[in-house]
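Everything in the sequence shown is counted per our numbering, starting at 3 for the first residue and increasing by one.
First up is the structure itself, then whatever we jot down about it.
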Amino acid sequence: MNCSLKGETARQIEWHTYPFLLGLGTVGNILSIIVLIRMRQHSVYRYLTFMAIADTIVLNLGLLRELLLSSSFHVHIQGTLLCKLHVFFFYNTLHLSSWFRCCLNLDRYVAVKFPIYTSKWCRTRQASINSTIVFTVVSLCNIHLFIFVQGDDHIKNLNDLNSIRSTVNPFQYQRCYLHPSYVHFFEQIYTWIDMFLVTIIPFIFIILCNLTVVNRVFLTSTP
3 MNCSLKGETA
13 RQIEWHTYPF
23 LLGLGTVGNI
33 LSIIVLIRMR
43 QHSVYRYLTF
53 MAIADTIVLN
63 LGLLRELLLS
73 SSFHVHIQGT
83 LLCKLHVFFF
93 YNTLHLSSWF
103 RCCLNLDRYV
113 AVKFPIYTSK
123 WCRTRQASIN
133 STIVFTVVSL
143 CNIHLFIFVQ
153 GDDHIKNLND
163 LNSIRSTVNP
173 FQYQRCYLHP
183 SYVHFFEQIY
193 TWIDMFLVTI
203 IPFIFIILCN
213 LTVVNRVFLT
223 STP
């Protein structure tokens, strides 16, 4: 009974909190995109625009999913096509958001460390090219999510459902299943790949770029 009460309390908090966060984040990002699109003269604004777009997609996919789950209807992401699209775009845009930040920091690093290349590298056209490359590479790296994720309608024999019960996530994607041959890779290998792509590698890359920029600025400002 105590656990049931805690679960209901948590759902009520989510139900009242998520709409506020979703609305605030979406409106803030849309306003940022509108302002940044008008400021086209620098590559930094192009990266910030792509980051805002990716963050908006992640925010809506993630919070809308949680909002539907915490509602009294307990609506799940289900069906093969919807599962494939939702899982792929959620993970993919999450990765893209991190790597657009890396592009932004690389742009600043080049501008400070190699000012002679600023006119060539730090341009909006080059930023668009770099972002397109990042988008293509990240999407190709995550295409397996679109291929091997399936829904209830893909399972021909529902009596065998328990034998392939491995889900993408037992909480957020309870009706989205993994292909049997894909379970080991997703649960044992892709978990680490996801952590490195979203957090560890971008974090190290951004820290190194920022340290170099700070050091360079400090040296040039010291008499």
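Yeah, the Cβ is synthetic: ideal placement off N, Cα and C, and Gly gets one too.
Taking the Cβ atoms as the reference, P204 lies roughly 4 Å from S100, within the contact range of under 8 Å. With a minimum length of 4 residues, the unbroken runs of alpha helix (DSSP H) contained wholly in the stretch 103-178 fall at 120-123, 126-143, 145-150. Inter-residue distance for L87 and V219 is about 44 Å (C-alpha atoms, whole angstroms). Residue nearest to K115 within the set R13, T11, Q14, V215 is V215 (criterion: CA-CA distance). Looking at the DSSP output, L180 shares a beta bridge with V151.
Less than 9 Å divides the Cβ of I59 from the Cβ of T95.
The distance from the Cβ of Y93 to that of L65 is about 16 Å, inconsistent with a contact at the 8 Å cut-off. For Y192, no alpha helix (DSSP H) segment is defined, and its DSSP state is neither H nor E. Ranked by how close their Cα comes to the Cα of F198, the residues H97, S133, L213 have H97 in first place. CA-to-CA, the gap between R40 and V140 works out to about 27 Å. Around the C-beta of V112, 16 or more other C-beta atoms lie within 10 Å, and the residue is accordingly described as buried. Nearest to L70 by C-alpha distance, out of L38, V185, L108, L24, is L24.
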